[in-house]
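Chains as they are written, first to last, in full-length UniProt numbering: chain Z, 1 to 149; chain X, 1 to 149.
Where a beta carbon is used, it is the ideal one built from N, C-alpha and C, also for glycine.
I have placed the structure first, in the form of structure tokens, so that the comments after it can refer back to it.
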DNA sequence: CTGTATCCATTAGGATACTG
DNA sequence: CAGTATCCTAATGGATACAG
């Protein structure tokens, strides 16, 4: 089984009281809890899973069908992580064939607003970003042209 | 140079009008713009860089010193991505030794609120998550114990 | 100082086969 | 159905050396 978060937990910044000045001085140390958790919830599939479960509880296969491109392995790994972090609850119904359902915990549900704002920002600004990329690539191509001459 | 985002841009969900019902039906397709952008800004270093630049413009070396554990290569790669996405502006002062400064663009600054809410959530709930992990690991260990007997 | 280029180790993650 | 186990490839990212 793959294990993450096995380094020093070093509960950085936990005792720091953020007033209203410099609200952005969160710890940049590598072993910071905040960093680890961000990495976890911002990974390739977690956001998607949380988003889908926000609406309703889903079975393993339903999740797999909804999320385009996820492998069985990665869906399992992702769900285990989320369960371990207390964001998702896993319920096994003792029937055959087995029926396993996933749903958000109350902790998981508190993430909704936050994730939503991130998704909304991305949706609202994707055109700008696409434009910036095109502009950048054009400039880069021209610079290469000049150099090559 | 490493290049990301080279697949089909497929401007998913851009024409969808989100009312107030089902605000979470964002596209789960792999080639979705939103997914790509989220992956980008949620990567290992981007959040950190944006966070630091929120306060003030910084030179390359200053960033490197502030961000514990980042290699020269990854800082460069990250900064280039952010520049390409129009989130960060790079200014080269033609002096020797060279002096290069990075600052957020207005687009980059609009990300601040969003990122802040994510960081705040993480800070507020890191204790809960740590607790959940411990509980999960304990249960897992006990289960392994039982199986082994 | 601010990079780029190269090499290499680690990890993420897909494909497949098998199990309760 | 809902996984686990194994194998293997691709991508991430660090270390180092070198250049403008």
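If we ignore side chains and look at the alpha-carbon of each, how far apart do residue i and residue j end up?
i: residue 86(Z); j: residue 33(Z); result: 15 Å
i: residue 75(Z); j: residue 110(Z); result: 22 Å
i: residue 124(Z); j: residue 144(X); result: 48 Å
i: residue 142(X); j: residue 92(X); result: 59 Å
i: residue 105(X); j: residue 126(Z); result: 15 Å
i: residue 116(Z); j: residue 78(Z); result: 19 Å
i: residue 146(Z); j: residue 97(X); result: 24 Å
Between residue i and chain Z, is any beta-carbon pair separated by less than 9 Å?
i: residue 128(X); result: yes
i: residue 35(X); result: yes
i: residue 123(X); result: yes
i: residue 64(X); result: no
Quick check: is the beta carbon of residue i nearer than 9 Å to any beta carbon in chain X?
i: residue 142(Z); result: no
i: residue 72(Z); result: no
i: residue 77(Z); result: no
i: residue 58(Z); result: no
i: residue 133(Z); result: yes
Mark residue i as exposed unless 16 or more other C-beta atoms lie within 10 angstroms of its C-beta, in which case mark it buried.
i: residue 130(X); result: buried
i: residue 42(Z); result: buried
i: residue 81(Z); result: buried
i: residue 72(X); result: exposed
i: residue 88(Z); result: buried
i: residue 114(X); result: buried
i: residue 138(Z); result: exposed
i: residue 56(X); result: exposed
i: residue 35(X); result: buried
i: residue 40(X); result: buried
- Spell out a yes or no on whether the segment 123-142 of chain Z and the segment 118-134 of chain X are touching, meaning 3 or more CB-CB pairs, one atom from each, closer than 8 Å. no
- Query: So, do the segment 34-49 of chain X and the segment 64-74 of chain X have three or more beta carbon pairs nearer to each other than 8 Å?
  - Reply: yes
- Given a limit of 9 Å on CB to CB distance, which residues of the segment 83-104 of chain Z reach chain X? 83, 84, 85, 86, 87
- Message: Measuring CB atoms only, is the segment 94-106 of chain Z touching the segment 53-62 of chain Z, in the sense that at least three cross pairs come out at less than 8 Å?
- Response: Inter-segment contact for the segment 94-106 of chain Z and the segment 53-62 of chain Z is present: three or more beta-carbon pairs are separated by less than 8 Å.
- Going along the chain, which residues of the segment 105-120 of chain X sit with their C-beta nearer than 9 Å to a C-beta in chain Z? 105, 107, 110, 111, 112, 113, 114, 115, 116, 117, 118, 119, 120
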